[in-house]
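S.K.: Quick note: the sequence shown, position 379, residue 433 per the numbering used here, numbers continuous.
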Amino acid sequence: MALAEDTPTLAPAQIRRTATVTVGLLMGVWVIDYVDRVMMAVALPFIGQDFALTKTEQGWLITAFSLVYLLCQIPGGILADRFGARRQLMVSLLLWSVFTALTGIAWGLASLLVIRALFGVGQGLFPGASFKAVAERTTPGVRATAAGAMLASNQLGAGVAPLIVAPLILVLGWRHTFWVTAAAGVAIGVLLWKLLPKALPAHLNGSDVVEDKGLGLGAVMRSPSVWKFAALFCATNMLGYGLITWVPSYLLEERGISLINTGVMSAIPGLVMCATVFLGGWLFDRFFHDRARLYVIPLLLITAVLLVLMLMAESAVGFTVYQTLAMGVAGLSSMGILGMPVRALPPAVIGSGMGIVNVGGQIAGVLAPVLMGFLVDRFSYSAAFGLLIATTVLGALIALIVPQRPEQFSLGTKELA
Numbered sequence: 055m056a057l058a059e060d061t062p063t064l065a066p067a068q069i070r071r072t073a074t075v076t077v078g079l080l081m082g083v084w085v086i087d088y089v090d091r092v093m094m095a096v097a098l099p100f101i102g103q104d105f106a107l108t109k110t111e112q113g114w115l116i117t118a119f120s121l122v123y124l125l126c127q128i129p130g131g132i133l134a135d136r137f138g139a140r141r142q143l144m145v146s147l148l149l150w151s152v153f154t155a156l157t158g159i160a161w162g163l164a165s166l167l168v169i170r171a172l173f174g175v176g177q178g179l180f181p182g183a184s185f186k187a188v189a190e191r192t193t194p195g196v197r198a199t200a201a202g203a204m205l206a207s208n209q210l211g212a213g214v215a216p217l218i219v220a221p222l223i224l225v226l227g228w229r230h231t232f233w234v235t236a237a238a239g240v241a242i243g244v245l246l247w248k249l250l251p252k253a254l255p256a257h258l259n260g261s262d263v264v265e266d267k268g269l270g271l272g273a274v275m276r277s278p279s280v281w282k283f284a285a286l287f288c289a290t291n292m293l294g295y296g297l298i299t300w301v302p303s304y305l306l307e308e309r310g311i312s313l314i315n316t317g318v319m320s321a322i323p324g325l326v327m328c329a330t331v332f333l334g335g336w337l338f339d340r341f342f343h344d345r346a347r348l349y350v351i352p353l354l355l356i357t358a359v360l361l362v363l364m365l366m367a368e369s370a371v372g373f374t375v376y377q378t379l380a381m382g383v384a385g386l387s388s389m390g391i392l393g394m395p396v397r398a399l400p401p402a403v404i405g406s407g408m409g410i411v412n413v414g415g416q417i418a419g420v421l422a423p424v425l426m427g428f429l430v431d432r433f434s435y436s437a438a439f440g441l442l443i444a445t446t447v448l449g450a451l452i453a454l455i456v457p458q459r460p461e462q463f464s465l466g467t468k469e470l471a
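1) Using the rule of at least 16 other Cβ atoms within 10 Å of the residue's Cβ for burial, across every protein chain shown, is Met366 buried or exposed?
2) Return the CA-CA distance between Ile223 and Arg309, expressed in angstroms with no decimal places.
3) Check each candidate in Ala438, Pro66, Glu190 and name the one with the smallest Cα separation from Pro251.
4) So Cys288 is in the alpha helix (DSSP H); what residue range does that whole segment cover?
5) Take Ile404 and list the residues in its own chain whose beta-carbon comes closer than 7 angstroms to its own, dropping the five residues that flank it on each side.
6) Distance check for Phe173 and Thr378, CA to CA, integer angstroms please.
7) Just to confirm my understanding: we take Ile159, look at its own chain, exclude 5 residues before and 5 after, and list those with CB closer than 8 angstroms. What are they?
8) Beta carbon of Val85, beta carbon of Phe283: below 8 angstroms?
9) Which ranges would you report for the alpha helix (DSSP H) in the stretch 329–405 if only whole runs of at least 4 residues count?
10) Counting Cβ pairs, one atom from each stretch, are 3 or more of them under 8 angstroms apart for the stretch 369–388 and the stretch 320–330?
11) Which full runs of the alpha helix (DSSP H) of 4+ residues lie inside the stretch 111–150, going along the chain?
12) Classify Gly310 as helix, strand or coil using the three-state DSSP reduction.
13) Under 7 angstroms Cβ to Cβ from Tyr123, same chain only, skipping five residues before and after it: list those, please.
14) Whose C-beta lies closer than 8 angstroms to the C-beta of Val456 among residues of the same chain, with five residues either side of it excluded?
15) Using the C-alpha atoms, what's the distance from Ala273 back to Lys267?
16) Ends of the alpha helix (DSSP H) at Pro99?
17) Does the contact criterion of 3 or more C-beta pairs under 8 angstroms hold for the stretch 204–212 versus the stretch 85–99?
18) Given that a residue counts as buried once 16 or more other Cβ atoms are within 10 Å of its Cβ, and exposed if not, what is Arg432?
19) Please state the DSSP three-state secondary structure of Leu250.
20) Quick one, are the C-beta atoms of Gly449 and Leu354 less than 8 angstroms apart?
21) Taking the alpha-carbon positions, what's the Phe338 to Thr199 distance?
22) In three-state DSSP terms, what is Ile159?
23) Can you tell which of Pro323, Met426, Ala215 has the C-alpha that lies nearest to the C-alpha of Trp300?
24) Going by C-alpha to C-alpha distance, which of Gly390, Gly409, Met381, Val396 sits closest to Ile443?
25) For Glu265, count neighbouring C-beta atoms within 10 Å of its own C-beta (all shown protein chains included) and say buried if the count is 16 or more, exposed if not.
26) Contact defined as beta carbons within less than 8 angstroms: I believe Leu421 pairs with Met292. What is the distance between those atoms, to the nearest angstrom?
27) For Ala253 and Gly138, what's the separation of their Cα atoms in angstroms?
28) Helix, strand or coil for Thr316 per DSSP?
29) Counting only beta-carbon atoms, is Ala450 nearer than 8 angstroms to chain B?
30) Going by DSSP, what residue range makes up the alpha helix (DSSP H) through Gly182?
Below is the structure:
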């Protein structure tokens with residue numbers, strides 16, 4: 055397709071700079087996103103003590119957020135596709151910062167449930183807008199790598215959160231800690247508004263392809279491929295949500311570890327997983343680009359074996375070592391699970407498509423905290439962590455039916471074999 059005379063042209067260095075600045079800023083926001091999210095798990099024992107909450111009730115505090123977060127994924131993606139990423143990123147960040155601050159003034163279970171649900175609205179608008187921002191500001195050839203770097207920052211946030219939050223809770227108390235992190239969210243929002251580059255021209259980011267093919271939201275919603283990846287993301291995301299929510303309480307209550315040491319031991323697996331998400335993206339692109347199943351399924355099965363060994367560990371150190379190995383191996387599989395839809399979806403509908411995929415991941419966020427809390431109340435922490443072994447194996451089975459190559463990824467009603 056010939057370019058119009060008034061089509062803007064950009065130097066390669068400017069295109070690279072746009073992608074680099076965009077990904078760097080979004081990584082910073084995702085880190086804050088996960089710090090604000092994970093800090094509730096670190097604070098749960100203290101909130102539960104202050105308000106005399108059962109483990110099941112504590113699990114509902116996580117699930118209330120996750121349920122609303124889930125419900126906002128597809129609307130958030132549609133809004134991002136319709137209005138662009140920039141404004142929605144800012145609205146999302148400011149909303150969740152406000153409700154993070156309000157968490158610190160809650161007076162009981164009911165108020166916490168309402169505040170955390172509204173917090174879920176703020177954060178639920180963010181993923182679709184972030185994928186949209188990447189799609190608008192990168193070329194197709196580097197988009198999977200850019201998305202992988204952005205997604206790796208999730209685990210960086212999950213890893214540093216206990217290191218930041220545990221000392222703050224010890225010094226300031228859990229209420230003031232929520233206020234401090236809310237202020238950090240506002241600060242990163244100001245940087246995002248001032249520094250986020252303009253979107254690349256359509257002929258560079260590939261968004262002009264959609265008009266040529268006549269694709270749109272309806273095709274995305276009807277896509278079997280999108281929903282298969284949503285199911286896969288649901289099964290595999292149970293691991294992250296389950297461990298992030300309940301490992302701090304387990305180490306404090308069952309192993310008798312101090313709050314500071316709990317923060318350190320909870321941080322290590324997340325930081326290792328951050329590194330392996332980066333490494334896994336490179337391995338997937340380099341060696342398994344067209345063989346996703348061969349890459350993902352063995353990694354998930356190895357993860358399940360390591361979780362069994364984690365449950366059998368006799369010491370807190372042994373538990374953490376096997377948890378770290380399990381999350382590290384699971385991290386290697388992340389881009390095999392998410393890299394395909396990121397690479398295959400056209401930029402003009404990537405917000406909607408990844409919103410649907412992320413719905414699957416957030417169903418795990420709804421189920422894991424409250425189901426594991428129930429299992430702890432009725433049986434034991436071993437039963438709760440055993441649930442994660444089962445869902446990880448289920449993920450390996452679902453991986454047998456997902457597309458392996460971009461040309462197998464359908465945006466209609468028919469899928470290539």
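C-beta: ideal position from N, C-alpha, C; glycine also.
M.R.: Taking the structure as given:
1) Exposed, by the Cβ-count rule.
2) Spanning the two alpha carbons is a distance of roughly 20 angstroms.
3) Per the Cα distances, Glu190.
4) Here the alpha helix (DSSP H) through Cys288 covers 278–307.
5) The beta carbon of Ile404 sits closer than 7 angstroms to the beta carbons of Phe185, Lys186, Ala189 from its chain, once the five residues preceding and following it are set aside; these are given in chain order.
6) Looking at the two C-alpha atoms, the distance is approximately 29 angstroms.
7) For Ile159, same chain residues with a beta-carbon under 8 angstroms away, outside a window of 5 residues either side, are Arg229 in chain order.
8) The criterion of a C-beta distance shorter than 8 angstroms is not satisfied by Val85 and Phe283.
9) You should have 346–366, 370–398.
10) With contact defined as three or more Cβ pairs closer than 8 angstroms, the stretch 369–388 and the stretch 320–330 are in contact.
11) Here the runs fully enclosed are 127–137.
12) If DSSP states are grouped into helix, strand and coil, Gly310 belongs with coil.
13) Short of 7 angstroms from the beta carbon of Tyr123, and not among the five residues preceding or following it, lie these beta carbons of its own chain, in chain order: Gly174, Gln177, Gly178, Gln416, Gly419.
14) Excluding five sequence positions before and after Val456, the CB atoms of its chain that fall closer than 8 angstroms to its own CB belong to Ser279, Lys282, Phe283, Leu286, Ala346, Arg347, Met394, given in chain order.
15) Low confidence applies here, because Lys267 scores a pLDDT of 48, under 50, leaving its location unreliable; read the following figure in that light. Between Lys267 and Ala273, the C-alpha separation is close to 11 angstroms.
16) First-last of the alpha helix (DSSP H) with Pro99: 66–105.
17) Contact holds: three or more Cβ-Cβ distances are below 8 angstroms.
18) Exposed, since its Cβ has fewer than 16 Cβ neighbours within 10 Å.
19) In this structure, Leu250 counts as coil in the three-state DSSP scheme.
20) In contact: Gly449 and Leu354 (Cβ atoms closer than 8 angstroms).
21) Approximately 10 angstroms between the Cα atoms of the pair.
22) Ile159 falls in the coil class under three-state DSSP.
23) Nearest of Pro323, Met426, Ala215 to Trp300, Cα basis: Met426.
24) Cα-wise, what sits closest to Ile443 is Met381.
25) Confidence at Glu265 is low in this model, with a pLDDT of 45, below 50, so the placement of that residue should be treated as unreliable; the coordinate-derived value is given next. So Glu265 ends up on the exposed side.
26) That belief holds up - the Cβ atoms of Leu421 and Met292 are roughly 7 angstroms apart, short of 8 angstroms.
27) Their backbone Cα atoms lie some 9 angstroms apart in a straight line.
28) Three-state result, Thr316: helix.
29) You won't find chain B in this structure, because it holds only one protein chain.
30) Per DSSP, Gly182 is one residue of the alpha helix (DSSP H) stretching across 180–191.
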